[in-house]
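Step one of this worksheet: look at the structure below.
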Amino acid sequence: MGTIEQGRRGVLVVEDDPDIRETIAQILEEEGYEVRGASNGKQALDLLREGVRPQLILLDLMMPIMDGWLFRTEQRNDPKIADIPVIVISADGNLRQQAAKIQANGYLRKPVGIETLLSTVQRYLKA
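Oh and the sequence shown: position 119 is 118 in numbering that gives the first Met the number 0, straight run, nothing missing.
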């Protein structure tokens, strides 16, 4: 996972499971996206506040240190990063409600199929 340059097709994957995070990153990178990863919400906020500017955030909800709910609250309260769209990725049984509760732009249920992942990301990232 490399850097995300301003204006590029960048995705930030916020997922505590390294296998899932790296698999999603690999799939997206093979399609030409620039991907950064974070293992929790705090690490993701740090990256965003340091200047990483993705066009989309893929966000797990249940993570250590800072979960997806708190990350989203912090993100929405920071005018510099509040406008970045968020897609929740979770196995939560009430995923639709959880995504609506944090005002996410959408959601994907784990396990996510490759075609579903790519079509969802493609809707938010134009070449």
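Backbone N, C-alpha and C fix where the C-beta goes; we use that ideal spot for every residue, glycine too.
Note that this is a predicted model, so its numbers are computed, not measured.
Per-residue burial, residue i [other beta carbons within 10 Å of its own, 16 or more giving buried]
i: GLU14; result: buried
i: ARG8; result: buried
i: PRO53; result: buried
i: MET61; result: exposed
i: THR115; result: exposed
i: GLY6; result: Confidence at GLY6 is low in this model, with a pLDDT of 48, below 50, so the placement of that residue is unreliable and no value is reported for it.
i: ALA37; result: buried
i: ILE113; result: exposed
i: ARG20; result: buried
6 Å Cβ shell around residue i - same chain, five flanking residues per side excluded
i: ILE80; result: LEU47 and GLN74
i: MET65; result: ASN39, GLY40 and LYS41
Close-in-space but distant-in-sequence residues of the same chain around residue i (CB under 7 Å, 5 per side omitted)
i: PRO63; result: ASP15 and ASN39
i: TRP68; result: LEU60 and ILE101
i: VAL34; result: MET0, VAL10, VAL12, ALA24, LEU27 and GLU28
i: ASP91; result: LEU60 and GLN97
CB contact flag (residue i, residue j, <9 Å)
i: GLN97; j: SER89; result: yes
i: GLU30; j: LEU117; result: yes
i: LEU107; j: TYR32; result: no
i: LEU58; j: VAL85; result: yes
Run of the beta strand (DSSP E) containing residue i, from where it starts to where it stops
i: LEU107; result: 105-108
i: VAL87; result: 85-89
Element boundaries [alpha helix (DSSP H), containing residue i]
i: GLY36; result: Where GLY36 is concerned, there is no enclosing alpha helix (DSSP H), although the beta strand (DSSP E) it sits in stretches over 33-37.
i: VAL120; result: 113-123
i: ILE56; result: Run containing ILE56: none in the alpha helix (DSSP H); it sits in the beta strand (DSSP E), 55-58.
i: GLY40; result: 40-48
i: GLY67; result: 67-75
Short CB-CB distance (under 9 Å) between residue i and chain D
i: VAL12; result: Here there is only one protein chain, and chain D is not present.
Residue i CB to nearest heavy atom of the ligand FMN below 8 Å
i: LEU55; result: Although the ligand FMN was asked about, the structure shown includes no ligands whatsoever.
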